[in-house]
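The structure appears right after this line, and notes come after that.
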Amino acid sequence: MPGADKSFEEIKKGQMGRESELLSQLLGKGDFGNLETFEADSAIRRNELLFKIQTDMEDTKNALKQAEQLTERLRRRLSDLEGMYRILTKK
-3 MPGADKSFEE
7 IKKGQMGRES
17 ELLSQLLGKG
27 DFGNLETFEA
37 DSAIRRNELL
47 FKIQTDMEDT
57 KNALKQAEQL
67 TERLRRRLSD
77 LEGMYRILTK
87 K
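The sequence shown begins at -3 in the working numbering and counts up by one.
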């Protein structure tokens, strides 16, 4: 999987950036002259936000999958090290 070697900090930083951008857009205010413009702009903005949310969900799922893979690799490595330690400490 590409990007599987990303550190947790890199993944966290990217996630926080996406969340910050999304929050800024949700809190942003537009200058609407009439109800029709407001409705049209709202529909466009809604679609843009839905797309960004969906993309963010996919990115989060991928980051979670990478974290789970890293956890599994670390568990296997720890198990290997514990096995070597037991073998070397036997008398």
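Yeah, the Cβ is synthetic: ideal placement off N, Cα and C, and Gly gets one too. It should be emphasised that the depicted structure is a prediction, and the values quoted were computed from it without experimental measurement.
Just to confirm my understanding: we take residue i, look at its own chain, exclude 5 residues before and 5 after, and list those with CB closer than 6 Å. What are they?
| i | result |
| --- | --- |
| alanine 59 | Ile7 |
| alanine 36 | none |
Just the C-alpha distance for residue i and residue j, rounded to the nearest angstrom, thanks.
| i | j | result |
| --- | --- | --- |
| glutamate 44 | glutamine 62 | 27 Å |
| arginine 41 | serine 20 | 13 Å |
| arginine 69 | asparagine 30 | 57 Å |
| glutamate 85 | glutamate 78 | First, the residue type needs correcting, since residue 85 is threonine and not glutamate in the sequence shown. So the two alpha carbons sit approximately 10 Å from each other. |
| leucine 46 | glutamate 54 | 12 Å |
Spatial neighbours of residue i within its chain, please: CB distance less than 8 Å, with the 5 preceding and 5 following residues excluded, ordered by chain position.
| i | result |
| --- | --- |
| methionine 80 | none |
| serine 16 | none |
For residue i, which residues of its own chain have a beta-carbon under 7 Å away from its beta-carbon, when the five flanking residues on both sides are left out?
| i | result |
| --- | --- |
| lysine 48 | Leu18 |
Are residue i and residue j touching if we call contact CB-CB under 8 Å?
| i | j | result |
| --- | --- | --- |
| aspartate 52 | arginine 14 | yes |
| glutamine 11 | threonine 67 | no |
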